[in-house]
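Heads up, the sequence shown is in the UniProt record's numbering, so the first residue is 1 and it goes up one at a time.
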Amino acid sequence: MYTEKVMDHFTNPRNVGEIENADGAGQVGNPSCGDIMKITLKVEDNIIKDIKFKTFGCGAAVATSSMVTEMALGKTIDEALQITNKAVAEALEGLPPAKMHCSNLAADALKAAIEDYQKKQNA
Numbered sequence: 001m002y003t004e005k006v007m008d009h010f011t012n013p014r015n016v017g018e019i020e021n022a023d024g025a026g027q028v029g030n031p032s033c034g035d036i037m038k039i040t041l042k043v044e045d046n047i048i049k050d051i052k053f054k055t056f057g058c059g060a061a062v063a064t065s066s067m068v069t070e071m072a073l074g075k076t077i078d079e080a081l082q083i084t085n086k087a088v089a090e091a092l093e094g095l096p097p098a099k100m101h102c103s104n105l106a107a108d109a110l111k112a113a114i115e116d117y118q119k120k121q122n123a
């Protein structure tokens, strides 16, 4: 059902936790399945220098959260905004159709954290 890569990110998730005094934070949820993802990030010179996630959800939700943080770390804000749910699923070498919404949540949580960062910069 799940690829080796999904199982690896589920059993050994990367970047778990929450950044204190984060430059940006975004939380999204899916009421139909109960998954909730929160991403916090630190940005220096327009580059994501640190990123962490907290996820309440199934194995696919944890794996997609882990993968999206790996994909965004070290990227510029503009590059990170280009990360799509499809790219997250592809990086995990596929998700079962019933779990594709998890990759949407991961990409949406990343975008929400970046939008929060951008709002704080323009305040």
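Ideal placement from N, C-alpha and C gives every residue a C-beta, glycine not left out.
Hey, could you find the ends of the alpha helix (DSSP H) Leu95 is sitting in?
Here Leu95 belongs to no alpha helix (DSSP H), and DSSP marks it neither H nor E.
Report the three-state DSSP secondary structure of Met1 (helix, strand or coil).
coil
Whole-angstrom distance between Lys99 and Leu105, CA atom to CA atom
11 Å
Opposing strand residues paired with Ala87 [DSSP bridges]
Its beta-bridge partners do not exist; DSSP assigns none.
Quick one: give me the first and last residue of the alpha helix (DSSP H) that Asp78 is part of.
Ile77 to Leu81
Going by alpha carbons, who is nearest to Ile114 out of Phe10, Ile47, Cys33 and Val6?
Ile47
Given Gly24 as reference, the closest of Asp35, Thr84, Glu44 and Phe10 once Cα atoms are compared
Glu44
Whole angstroms is fine: what's the gap from Lys42's alpha carbon to Ser65's?
16 Å
Indicate the three-state DSSP secondary structure (helix, strand or coil) for Glu115 in the structure shown.
helix
Does Asn122 pass the burial test, meaning 16 or more other C-beta atoms within 10 Å, or should it be called exposed?
exposed
Excluding the 5 residues flanking Ile39 on each side, which residues of the same chain have their C-beta closer than 6 Å to its C-beta?
Gly26, Phe53, Ala109, Leu110 and Ala113
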